[in-house]
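S.K.: Quick one: the structure is below, and I'll ask about it shortly.
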Amino acid sequence: MGSKPARIPLFPLAGAILLPRAQLPLHIFEPRYREMVRDALAGPGRIGMIQPSGAGDPPPLFHTGCVGEIVGAEELDDGRFNIVLHGSNRFRLIAERDLGTSYRQADVDLAAYDDEEPEPLSLIQRADVEREARRFGDALGLAVDWSAVGQLDDEMLVNAIAQVAPFDVGAKQALLEEPTLAGRADLVVQLMQFQRLAPGGADVGQTLQ
Numbered sequence: 001m002g003s004k005p006a007r008i009p010l011f012p013l014a015g016a017i018l019l020p021r022a023q024l025p026l027h028i029f030e031p032r033y034r035e036m037v038r039d040a041l042a043g044p045g046r047i048g049m050i051q052p053s054g055a056g057d058p059p060p061l062f063h064t065g066c067v068g069e070i071v072g073a074e075e076l077d078d079g080r081f082n083i084v085l086h087g088s089n090r091f092r093l094i095a096e097r098d099l100g101t102s103y104r105q106a107d108v109d110l111a112a113y114d115d116e117e118p119e120p121l122s123l124i125q126r127a128d129v130e131r132e133a134r135r136f137g138d139a140l141g142l143a144v145d146w147s148a149v150g151q152l153d154d155e156m157l158v159n160a161i162a163q164v165a166p167f168d169v170g171a172k173q174a175l176l177e178e179p180t181l182a183g184r185a186d187l188v189v190q191l192m193q194f195q196r197l198a199p200g201g202a203d204v205g206q207t208l209q
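Quick look at the structure:
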């Protein structure tokens, strides 16, 4: 698979990952990211979601993120934005570029991952994901419409858990970088089991409020 270079604005946000064909609502309030959204809306309408890999100003970044197409945008009276991103494909960071903007921009490879629609999970693996998700939800005291969850296709279910579950930054990044849906499903089950069974694991529910 060849490379497909592109230059995109970056939105570093710890604990927030976007996956292909998934959506991510965001509230944009920092001035530099308001500028980023305005510029994106005036141009190709896309933003690169990526996680910081450590502390610092600016912080270092992981090398894998996901392009988000802005499919919904509302500018509030004070200049803040509510936007919705739709994941198109994952990218690998090539190099950051200083282009004089208040936000970070980089050259990325849009062909680093095969993000075509995946094969469905096996029935056994799908059942494992749903069963562990119920246990995890119960442990966190979450009110979940499980009949609606059962209607989600395999990719939507696994990616929704990967995005919204209160896993740490490293776990989120591992889920983002997992090449296949089957591998991501296995990993999300392991993470839910670990967090549910760890001492004080149920306390992570507070981060979902």
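Using UniProt numbering, read the sequence shown as starting at 1 and increasing by one per residue. Every residue gets a Cβ at the ideal spot worked out from N, C-alpha and C, and that includes glycine. From a predicted model like this one, the values you see are computed outputs, not experimental measurements.
1. Considering Cα atoms alone, identify which of Tyr-113, Asp-153, Gly-56, Pro-58 is closest to Lys-4.
2. Quick check on the DSSP output: the beta strand (DSSP E) that includes Pro-5 runs from which residue to which?
3. Of the choices Ala-106, Met-49, Ile-70, whose alpha-carbon is the least far from that of Ala-42?
4. Measuring straight from C-alpha to C-alpha, what distance separates Gln-193 and Gly-137?
5. Return the bridge partner residues of Asn-159 from the DSSP annotation.
6. Skipping 5 residues on each side, what residues in its chain have a beta carbon closer than 7 Å to that of Ile-28?
7. Please report how far the alpha carbon of Leu-123 lies from the alpha carbon of Thr-64, in whole angstroms.
8. Output the residue ranges of the alpha helix (DSSP H) runs that lie fully inside the segment 107 to 181 and measure 4 residues or longer, sorted by chain position.
9. How do the segment 158 to 166 and the segment 12 to 29 stand: do at least 3 beta-carbon pairs fall below 8 Å, yes or no?
10. Among Leu-13, Gly-87, Gly-54, which residue has its Cα nearest to the Cα of Gly-68?
11. In angstroms, rounded to a whole number, what distance separates the CA positions of Gln-105 and Pro-58?
12. Is it buried or exposed, Thr-207, if we count other Cβ atoms within 10 angstroms and call 16 or more buried?
13. Going straight from the alpha carbon of Val-108 to that of Lys-172, what length do you get?
M.R.: From the atom records:
1. Looking at the Cα atoms, Tyr-113 is the closest of the given residues.
2. Counting along the chain, the beta strand (DSSP E) containing Pro-5 begins and ends at 5 to 12.
3. Minimum Cα distance to Ala-42 is reached at Ile-70.
4. Rounded to the nearest angstrom, the two C-alpha atoms are 11 Å apart.
5. Paired residues: none, contrary to the question.
6. Within the same chain, Cβ atoms closer than 7 Å to the Cβ of Ile-28 are found at Arg-34, Val-37, Arg-80, Phe-81, Ile-83, the five residues on either side in sequence being excluded.
7. A direct Cα-Cα distance of roughly 30 Å separates Leu-123 from Thr-64.
8. Given a length threshold of 4 residues, each whole run of the alpha helix (DSSP H) inside the segment 107 to 181 is given here in chain order: 123 to 140, 146 to 151, 154 to 164, 169 to 177.
9. Counting C-beta pairs closer than 8 Å gives three or more between the segment 158 to 166 and the segment 12 to 29, which meets the contact rule.
10. Its Cα nearest to that of Gly-68, the residue Gly-87 stands out among Leu-13, Gly-87, Gly-54.
11. Spanning the two alpha carbons is a distance of roughly 12 Å.
12. Because the pLDDT of Thr-207 is 32, which lies under 50, any placement of that residue in the model is unreliable, and the number read from its coordinates should be weighed accordingly. Thr-207 sits exposed, since fewer than 16 C-beta atoms from the chains shown fall within 10 Å of its C-beta.
13. The alpha-carbon atoms of Val-108 and Lys-172 are separated by roughly 20 Å.
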